[in-house]
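See below for the structure under consideration.
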DNA sequence: GCCTAACCGAGACGGTACGTCGAGTCTTAAT
DNA sequence: ATTAAGACTCGACGTACCGTCTCGGTTAGGC
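Protein chains in written order, with full-length UniProt numbering: chain A, 1 to 212; chain B, 1 to 212; chain C, 1 to 212; chain D, 1 to 212.
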């Protein structure tokens with residue numbers, strides 16, 4: 001499960017990645033994440049990252065095309081490490097047979113993650129960049145979000161097979177009832193996020209707003 | 001409803017707003033919006049706005065505290081104008097008695113607005129800024145989104161009174177089923193937005209995912 | 001006798017010289033000369049000058065087109081100041097009636113000046129630059145050397161009128177017998193320079209190498 | 001006469017010159033001279049020379065200590081080749097018994113050489129470097145100029161023996177009347193150089209400026 | 001109808017960061 | 001062991017904007 005390297009500015013003679021310094025790469029990831037946490041994304045500069053990592057600026061420009069690009073890889077790397085560290089099987093979704101309970105459990109974990117300060121600053125920064133820069137946005141979605149979304153889809157399909165979700169429902173849309181309200185509250189500061197809140201989302205979504 | 005001017009950096013002798021040049025203000029709004037559309041938010045600079053507006057830099061710094069601040073006011077102004085232009089009663093929500101139909105109608109209009117290129121660039125820029133800058137984010141929510149959200153709340157309460165929505169539902173959460181998925185698809189490029197899509201959202205949300 | 005300002009890079013909107021900061025100009029001159037003396041010309045950088053002068057780099061680039069250009073003006077300014085300081089009538093050549101004595105006196109003064117450490121580093125640097133960069137070289141000749149050369153020509157013509165120099169001699173060539181050997185020894189380190197040496201030059205040049 | 005290799009940075013384990021690649025050396029000389037002619041000395045870089053010569057940078061740093069050092073050897077090599085090529089006995093000075101004629105002939109040849117574009121760029125570059133870098137300057141004088149100067153001294157001494165030059169004249173100073181004015185005009189662009197000019201120098205110098 | 005304060009266009013200023021280039025060092029593979 | 005190749009750290013380049021600070025020149029009210 002290797003991290004895909006992003007392309008540096010095209011037209012340049014591609015650097016030889018076999019000779020790349022692993023030490024520098026790690027130092028750059030660490031410096032970038034630390035700076036984003038400490039001083040915020042806009043005040044995080046390529047020069048600052050280079051200085052903190054004890055690395056020449058050119059070494060950053062050689063392998064990445066922008067600050068956002070560095071941060072994205074750093075964040076992907078962080079996510080990978082955290083997953084490994086947690087010892088968890090990385091990409092699974094609980095299936096106890098109780099759809100509501102499973103969704104609530106996963107969403108509670110997501111809430112906790114969104115509040116982890118190690119994740120908050122860089123993921124906000126990346127999300128903001130993705131809003132404005134479509135190319136980066138799509139990369140983010142593909143690399144960071146899609147794997148999780150696929151798990152939701154799988155779980156919802158299983159629920160359909162078990163007769164707990166109506167068969168005509170499109171799981172790719174249904175999952176947004178759980179993900180999107182949480183995402184918007186977090187991204188746009190439109191409201192607080194909590195375990196109770198996500199529990200409520202699950203209940204509302206499964207049973208609908210209208211009386212039965 | 002006059003646009004509230006934002007405070008310039010505190011500690012300064014407050015400028016006398018009665019002597020402010022209306023012509024400059026308009027020129028600055030126009031230049032800011034045009035530049036964001038033409039070159040994108042990150043490449044829009046205060047110097048660029050000043051030059052294009054034929055205005056001194058100080059005139060911008062005197063009345064606004066940041067690029068985002070200028071753009072926010074410019075955008076609010078644009079939104080106001082558009083509303084007036086449309087001749088519409090600005091802040092109402094249809095109530096035909098058919099909740100689903102009313103929601104679908106409003107969401108279709110929202111989809112159309114999100115696709116209007118005049119709106120897209122600046123509102124993306126502001127949204128992105130709001131993700132990262134909490135203070136600005138809250139201002140955006142309060143000034144740009146809250147009025148609309150309140151209309152949703154009002155309509156949902158009416159539906160509750162009419163027995164079309166279960167009484168224990170919190171309308172402030174319920175409205176997110178309509179707003180948030182659309183917002184996320186648009187903000188994060190996670191999927192296409194269309195009238196069919198929002199129609200589906202309304203149906204799913206009202207009747208729930210589970211079989212009845 | 002104003003210092004001619006050199007042209008910044010053409011094609012740029014010419015800066016308004018009436019608003020130029022005299023303080024910055026002085027500080028830049030001082031820093032440039034000091035650095036050339038202290039660390040040598042090649043290690044003198046625009047950044048270094050700016051930092052030492054407490055000035056933004058742009059302020060240098062706004063008014064000068066290169067390091068050599070800065071240094072040339074700084075040196076011209078220094079020369080001017082020194083002349084004023086010395087209280088001397090700036091552009092005269094002694095005429096006691098004794099050509100040999102007058103030439104020897106002036107050349108002895110020149111030798112002293114060439115050895116003054118305040119002058120040595122910058123003038124070497126400029127001379128070197130002028131060797132390789134013809135445009136700058138011609139400017140140097142015109143602004144720094146020509147006035148002195150003209151004085152030699154004047155004195156030699158007077159000597160011709162007085163019958164002390166053959167009338168068919170071209171003073172513009174003759175003066176090189178006094179100037180050029182000294183210049184070459186100094187520039188190219190081909191030999192030591194001293195009062196005795198220049199005295200000898202005068203004697204040899206006036207009376208020739210061949211027996212009479 | 002083998003070219004003495006200059007010392008690389010001291011303190012390093014001296015490379016084994018018996019295993020040196022002659023092909024690389026030649027390629028480096030050619031590349032260095034070509035680049036100086038084509039793009040000028042300041043824009044000639046070690047990287048550029050290495051790339052053009054198809055050589056690793058280290059190969060240059062191993063054997064030379066600086067750009068000027070490379071160029072000096074390259075130029076010495078060029079001078080040697082040219083001399084051989086010309087088939088001439090390398091280090092002689094004509095002695096027809098007519099001092100004036102001999103000097104004029106040699107100076108005319110010098111003028112022609114100074115105008116040869118193959119020589120001009122590199123020798124200007126070296127001269128400029130020598131003005132500012134005393135160590136290199138002295139090396140240049142010793143290796144490039146001294147042999148010629150010695151020939152002048154020899155010829156002048158012969159002339160003294162023949163009674164054509166006054167015995168009390170120091171030939172080491174006298175020769176500067178022929179060399180230095182030409183050198184200065186060429187180096188500092190203070191005037192045009194031509195056969196007529198050098199002829200005039202010889203006449204003026206031999207017979208003096210004063211009436212006889 | 002004048003005075004005088006504030007605003008205005010303009011843009012120079014001290015700075016920070018940009019993205020690029022080259023210096024000189026170090027590592028790898030191949031000859 | 002030298003070589004071609006090129007990644008590395010470092011420092012300077014010249015540019016773009018930042019936010020502050022003068023400059024005249026309008027442009028109001030308050031007298």
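Built from N, CA and C at the ideal position, the CB exists for glycine as well.
Is the Cβ of residue i closer than 8 angstroms to any Cβ of chain D?
i                      : result
residue 75 of chain C  : no
residue 207 of chain C : yes
residue 96 of chain C  : no
residue 44 of chain C  : no
residue 204 of chain C : yes
residue 210 of chain C : yes
Any Cβ of chain B within less than 8 angstroms of the Cβ of residue i?
i                      : result
residue 181 of chain A : yes
residue 134 of chain A : yes
residue 169 of chain A : yes
For residue i, which three-state DSSP category applies?
i                      : result
residue 115 of chain C : helix
residue 170 of chain C : coil
residue 69 of chain A  : helix
residue 83 of chain B  : helix
residue 91 of chain C  : coil
residue 209 of chain D : coil
residue 59 of chain B  : helix
residue 41 of chain D  : coil
residue 54 of chain B  : coil
residue 25 of chain C  : helix
residue 124 of chain B : helix
residue 157 of chain A : helix
residue 20 of chain A  : coil
Is there a C-beta anywhere in chain A that falls below 8 angstroms from the one on residue i?
i                      : result
residue 39 of chain B  : no
residue 137 of chain B : yes
residue 200 of chain B : yes
residue 127 of chain B : yes
residue 195 of chain B : no
residue 34 of chain B  : no
Would you report the Cα separation of residue i and residue j, rounded to the nearest angstrom?
i                      : j                      : result
residue 76 of chain D  : residue 66 of chain A  : 48 angstroms
residue 51 of chain B  : residue 70 of chain A  : 33 angstroms
residue 110 of chain D : residue 150 of chain C : 28 angstroms
residue 15 of chain C  : residue 102 of chain D : 58 angstroms
residue 93 of chain A  : residue 91 of chain B  : 43 angstroms
residue 119 of chain D : residue 113 of chain D : 7 angstroms
residue 184 of chain C : residue 184 of chain D : 7 angstroms
residue 193 of chain D : residue 23 of chain C  : 44 angstroms
residue 99 of chain A  : residue 156 of chain A : 8 angstroms
residue 61 of chain C  : residue 57 of chain B  : 22 angstroms
residue 121 of chain B : residue 38 of chain D  : 49 angstroms
residue 72 of chain A  : residue 146 of chain A : 15 angstroms
residue 21 of chain A  : residue 108 of chain A : 39 angstroms
Within the continuous alpha helix (DSSP H) that includes residue i, where are the two ends?
i                      : result
residue 164 of chain A : First-last for residue 164 of chain A: undefined, no H or E at that position.
residue 14 of chain A  : From DSSP, residue 14 of chain A is part of no alpha helix (DSSP H); its letter is neither H nor E.
residue 178 of chain A : 176 to 188
residue 193 of chain B : First-last for residue 193 of chain B: undefined, no H or E at that position.
residue 98 of chain C  : Residue 98 of chain C -> no alpha helix (DSSP H), and no H or E assigned at all.
residue 137 of chain A : 134 to 140
Considering only heavy atoms of the ligand NAD, does any lie closer than 7 angstroms to the CB of residue i?
i                      : result
residue 154 of chain C : The ligand NAD is not part of this structure, which contains no ligands at all.
Less than 8 angstroms between the C-beta atoms of residue i and residue j, yes or no?
i                      : j                      : result
residue 48 of chain C  : residue 35 of chain C  : yes
residue 171 of chain D : residue 201 of chain D : no
residue 68 of chain A  : residue 126 of chain A : yes
residue 209 of chain D : residue 205 of chain C : yes
residue 152 of chain B : residue 175 of chain B : yes
residue 74 of chain B  : residue 41 of chain B  : no
Spell out whether any CB of chain C is found under 8 angstroms from the CB atom of residue i.
i                      : result
residue 176 of chain D : yes
residue 166 of chain D : yes
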